[in-house]
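Going by my numbering, the final residue of the sequence shown carries number 80, and the count climbs one at a time with no gaps.
Glycine residues also receive a C-beta, built at the ideal position from the N, C-alpha and C atoms.
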Amino acid sequence: MKKRKNNKDLFDAIGKENGVTAEEVRREIEKAIMEARNNPDPEKQAEFKKYFGDGIPTPEEFIHTLAKELKKDQ
């Protein structure tokens, strides 16, 4: 995928690929963030806290952090 100049472009592209709006993409990411944050598995909770502390990241922060971590692993 071509590098996007910002997250709105990314959300627009994902939405277009999946037949939904950018706002729906954003809502689904927010939902995934909450599911990850509230996972009852202590190991999963510790991993979430490792990246985001006790806070709740925005979809943009979530994507940026995970992309940065994936890049480290390559």
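| query | result |
| --- | --- |
| From Phe17, Leu16, Ala42, Val31, pick the residue whose C-alpha is nearest to that of Gly61; which is it? | Ala42 |
| With Asn13 and Glu49 assumed to form a contact (beta carbons below 8 Å), what rounded beta-carbon distance in angstroms separates them? | Incorrect: roughly 29 Å between the Cβ atoms, too far for contact. |
| Taking only the alpha-carbon atoms, compute the straight-line gap between Ile20 and Pro63 and give it to the nearest angstrom. | 20 Å |
| Between Lys77, Ala73, Phe68, Asp18, which lies nearest to Glu36 when the distance is taken from Cα to Cα? | Phe68 |
| Given a cut-off of 7 Å, decide if Phe17 and Arg32 are closer than it, judged by their beta-carbon atoms. | yes |
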